[in-house]
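One structure is given below, encoded as structure tokens.
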Amino acid sequence: MTRTAVHVAEEEARRQEEFIREIRELPQRPQTYHVVTYGCQMNAHDSEKIAGMLEEMGLREAPQREEADFVLFNTCCVRENAERRALGNVTWLKEVRKTHPNLMIAVCGCMIQEPGMAEKVLKQYKFIDLAFGTANLHQFPELMYTALNSDRSVVQVAQDDVIAEGLPMRRLRQDAAYLTIMYGCDNFCSFCIVPYVRGRERSRQPEDILQEAEALRDSGVKEIMLLGQNVNSYGKGLEHPMSFAELLKRLDEMGIPRIRFMTSHPKDLSDELIETMAGSPHILPQFHLPVQSGNDEILKRMNRHYTREQYLDRVRKLRQAVPGIGLSTDIIVGFPGETEAQFEDTMSLVREVKYDGAFTFIYSPRVGTRAASMADQVPEEVSSRRIQQLIALQDEIQKETLQRFVGQEEQVLVEGLSRRSQEAVSGKGRHAVSITLPGSMADIGQIVPCRIIGIKNNTLVAERIERNG
Ligand code: SF4
146 MTRTAVHVAE
156 EEARRQEEFI
166 REIRELPQRP
176 QTYHVVTYGC
186 QMNAHDSEKI
196 AGMLEEMGLR
206 EAPQREEADF
216 VLFNTCCVRE
226 NAERRALGNV
236 TWLKEVRKTH
246 PNLMIAVCGC
256 MIQEPGMAEK
266 VLKQYKFIDL
276 AFGTANLHQF
286 PELMYTALNS
296 DRSVVQVAQD
306 DVIAEGLPMR
316 RLRQDAAYLT
326 IMYGCDNFCS
336 FCIVPYVRGR
346 ERSRQPEDIL
356 QEAEALRDSG
366 VKEIMLLGQN
376 VNSYGKGLEH
386 PMSFAELLKR
396 LDEMGIPRIR
406 FMTSHPKDLS
416 DELIETMAGS
426 PHILPQFHLP
436 VQSGNDEILK
446 RMNRHYTREQ
456 YLDRVRKLRQ
466 AVPGIGLSTD
476 IIVGFPGETE
486 AQFEDTMSLV
496 REVKYDGAFT
506 FIYSPRVGTR
516 AASMADQVPE
526 EVSSRRIQQL
536 IALQDEIQKE
546 TLQRFVGQEE
556 QVLVEGLSRR
566 SQEAVSGKGR
576 HAVSITLPGS
586 MADIGQIVPC
596 RIIGIKNNTL
606 VAERIERNG
């Protein structure tokens with residue numbers, strides 16, 4: 146049976162617009178805001194929506210949180226230390242309120258959606274004015290209005306089965322944009338809390354996605370990043386199903402210069418998707434394919450539904466179809482019960498695949514997940530030693546894999562001035578590798594052709610190619 150996500154109706158959107166107008170007229174409303182974002186791109190994109198709504202309410206962004214009248218923490222709960230850091234910063238703000246009595250403190254995001262967290266906020270963090278979960282994002286104007294008219298904390302956590310369309314947005318960049326295509330996850334990897342806090346998988350209607358993409362293209366956006374916890378299973382449960390590959394084809398036809406996506410689950414990476422990538426001029430030759438472990442037994446206990454060999458088969462297919470493709474991954478070390486030999490399997494897989502980049506993590510038990518109650522939790526010092534070994538290996542490999550770009554032409558979407566020099570700029574090439582090249586502020590947001598001439602600190606160094614005529 147397919148579940149139908151609750152599509153936030155136009156009527157509801159109008160109701161929220163009403164609250165935005167009311168807040169704009171309130172004499173006691175905050176004048177400035179600052180949003181602090183933790184975690185993944187989904188959270189960064191949610192923060193863009195929140196900032197958009199705050200600006201519609203008449204607030205202006207304050208560059209520092211200490212200067213703002215309204216501070217919102219958009220939290221992550223994937224790892225325990227992200228959660229601890231967020232709560233530490235929220236508590237620190239309580240001190241700021243001593244000199245800024247009208248300061249409003251709000252918390253949202255995955256952490257609030259965790260079981261029991263809303264109650265904890267009400268009891269232990271009474272100074273928080275407003276807290277809401279990821280499923281309540283579209284109700285933010287209403288909740289903000291209620292909080293502004295109340296002396297007590299306003300806390301709202303709904304079931305996460307909502308797809309909200311048409312929210313105002315304040316995009317962080319004009320040249321590149323996030324575009325969410327689906328929400329939630331059905332995979333229940335045994336270490337992951339996402340399905341519990343972001344809810345079950347639900348896809349946006351293709352026409353809503355295409356319309357948003359069209360508007361982005363027309364506004365001059367050069368790169369879109371399609372977002373979802375598992376974009377490869379896009380389309381499940383839609384009335385008229387559409388595969389992720391089909392959606393990509395439709396987006397490719399629009400002529401947006403660069404299309405990227407994340408995150409992908411190896412078990413759902415279809416041949417159709419690989420072929421679509423191979424035939425597209427706009428889908429970038431790069432793939433983020435989390436492996437998590439190189440050992441079959443660990444993969445099974447992680448509930449990943451693929452073996453090492455099946456994963457390697459996907460990598461081979463990708464490399465055959467898209468020669469030179471940039472590959473990156475996520476890896477967890479110290480999963481419960483991971484032996485030295487099983488960790489060595491991960492090391493050997495990394496040696497075999499030769500990734501261009503890897504996000505490496507020490508396993509972090511999350512209450513409510515299956516892995517948290519597994520026996521044989523790996524001691525901290527063992528996990529720390531393993532991650533150091535893995536980072537050192539990946540570093541070495543990266544130096545080697547980056548060599549293939551030297552002498553090649555690339556196209557960089559310039560993100561900003563280089564941190565090391567005012568006469569250089571940096572950005573990402575088509576393979577998602579960072580590139581530094583000579584340039585100035587005028588290049589920011591432009592796609593600049595260049596030739597790679599070297600490697601410095603795992604970053605490619607390039608010279609510009611001046612094209613005549
Ligand atoms: S695929 Fe697994 S790791 Fe990724 S969000 Fe879903 S449950 Fe978490």
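Quick note, our numbering runs 145 ahead of the 1-based positions in the sequence shown.
All C-beta atoms, glycine included, are put in the ideal place defined by N, C-alpha and C.
Since the structure is predicted, the reported quantities are computational estimates derived from the model, not experimental observations.
Quick check: is any heavy atom of the ligand SF4 less than 7 Å from the C-beta of residue i?
{"i": "C330", "result": "yes"}
{"i": "C255", "result": "no"}
{"i": "F333", "result": "yes"}
{"i": "P411", "result": "no"}
{"i": "V339", "result": "yes"}
{"i": "N377", "result": "no"}
{"i": "Q374", "result": "yes"}
Quick one: measure Cβ to Cβ for residue i and residue j, integer angstroms, because I've assumed they're closer than 8 Å.
{"i": "S335", "j": "R446", "result": "6 Å"}
{"i": "V495", "j": "A486", "result": "Not confirmed; about 15 Å, so no contact."}
{"i": "I470", "j": "R461", "result": "Between R461 and I470 the Cβ distance is about 11 Å, and since that is not below 8 Å, they are no contact."}
{"i": "R315", "j": "A196", "result": "4 Å"}
{"i": "V302", "j": "F277", "result": "7 Å"}
{"i": "E603", "j": "L547", "result": "Looking at the sequence itself, residue 603 is Asn, so the reference to Glu does not match. Yes, they are in contact, since the Cβ atoms of N603 and L547 sit about 7 Å apart, within 8 Å."}
{"i": "L217", "j": "P175", "result": "Contact flag wrong, Cβ pair sits at about 11 Å."}
{"i": "H576", "j": "Q431", "result": "5 Å"}
Tell me the residue span of the alpha helix (DSSP H) that contains residue i.
{"i": "Y500", "result": "Counting along the chain, Y500 falls outside any alpha helix (DSSP H), and DSSP gives it neither H nor E."}
{"i": "C255", "result": "255-258"}
{"i": "E417", "result": "416-423"}
{"i": "D413", "result": "First-last for D413: undefined, no H or E at that position."}
{"i": "T291", "result": "285-293"}
{"i": "V376", "result": "V376 -> no alpha helix (DSSP H), and no H or E assigned at all."}
{"i": "G233", "result": "225-241"}
{"i": "K381", "result": "Counting along the chain, K381 falls outside any alpha helix (DSSP H), and DSSP gives it neither H nor E."}
{"i": "R461", "result": "453-466"}
{"i": "E211", "result": "No alpha helix (DSSP H) holds E211; DSSP gives it neither H nor E."}
Give the single residue among the options whose Cα lies nearest to the Cα of residue i.
{"i": "I419", "options": "I443, K394, Q437", "result": "K394"}
{"i": "A569", "options": "L558, R575, S585, S579", "result": "S585"}
{"i": "V557", "options": "H385, D320, A423, A189", "result": "D320"}
{"i": "R405", "options": "I610, G380, M202, A358", "result": "A358"}
{"i": "F164", "options": "V559, H283, G184", "result": "H283"}
{"i": "V512", "options": "K243, C253, Y341, S563", "result": "Y341"}
{"i": "Q534", "options": "M519, M492, T484", "result": "M492"}
{"i": "V593", "options": "K601, N603, A607", "result": "A607"}
{"i": "E545", "options": "S192, G599, Q591, S528", "result": "G599"}
{"i": "E541", "options": "I401, Y500, R362, E391", "result": "Y500"}
{"i": "A213", "options": "H179, C253, Y379, R349", "result": "H179"}
{"i": "M407", "options": "C185, E211, P468", "result": "C185"}
{"i": "M256", "options": "G233, H245, C221", "result": "C221"}
{"i": "P583", "options": "A263, H576, R565", "result": "R565"}
{"i": "I597", "options": "E398, E554, V578, E170", "result": "E554"}
{"i": "A322", "options": "E240, G344, R230, A189", "result": "A189"}
{"i": "L472", "options": "F480, V498, M519, P411", "result": "V498"}
{"i": "V578", "options": "A360, E346, L429", "result": "L429"}
{"i": "S509", "options": "P172, R453, E225, E442", "result": "E225"}
{"i": "L267", "options": "K243, I507, S298", "result": "S298"}
{"i": "G479", "options": "G329, M519, T452", "result": "M519"}
{"i": "S415", "options": "F389, A587, K271", "result": "F389"}
{"i": "N377", "options": "K194, L232, M327", "result": "M327"}
{"i": "P402", "options": "S438, L361, E170, Y451", "result": "L361"}
{"i": "Q374", "options": "E201, P435, L238", "result": "P435"}
{"i": "S438", "options": "D588, L562, F506", "result": "F506"}
Start and end of the beta strand (DSSP E) containing residue i?
{"i": "V527", "result": "Careful: V527 lies outside any beta strand (DSSP E), inside the alpha helix (DSSP H) at 525-547."}
{"i": "G178", "result": "Sequence check: residue 178 is Tyr here, not Gly. Per DSSP, Y178 belongs to the beta strand (DSSP E) from 177-182."}
{"i": "K268", "result": "Looking at the DSSP string, K268 is not in any beta strand (DSSP E); the run it does join, the alpha helix (DSSP H), is 262-269."}
{"i": "I597", "result": "592-601"}
{"i": "F432", "result": "431-433"}
Kindly identify the DSSP beta-bridge partner or partners of residue i.
{"i": "M370", "result": "Y323, R405"}
{"i": "K573", "result": "L558, S579"}
{"i": "Q173", "result": "According to DSSP, which records beta bridges pairwise, Q173 is partnered with nothing at all."}
{"i": "C219", "result": "Per the sequence presented here, residue 219 reads as Asn, with Cys not at that position. DSSP lists T182, C253 as partners of N219."}
{"i": "E206", "result": "Y178"}
{"i": "L275", "result": "A251, V299"}
{"i": "T505", "result": "I476"}
{"i": "R609", "result": "C595"}
{"i": "S348", "result": "M327"}
{"i": "F553", "result": "At residue 553 the sequence reads Gln, which differs from the Phe that was named. For Q553, which the question treats as bridged, DSSP gives no partner whatsoever."}
{"i": "T244", "result": "Its beta-bridge partners do not exist; DSSP assigns none."}
{"i": "G482", "result": "In the DSSP output, where bridge partners are listed per residue, G482 has none listed."}
{"i": "G471", "result": "Q431"}
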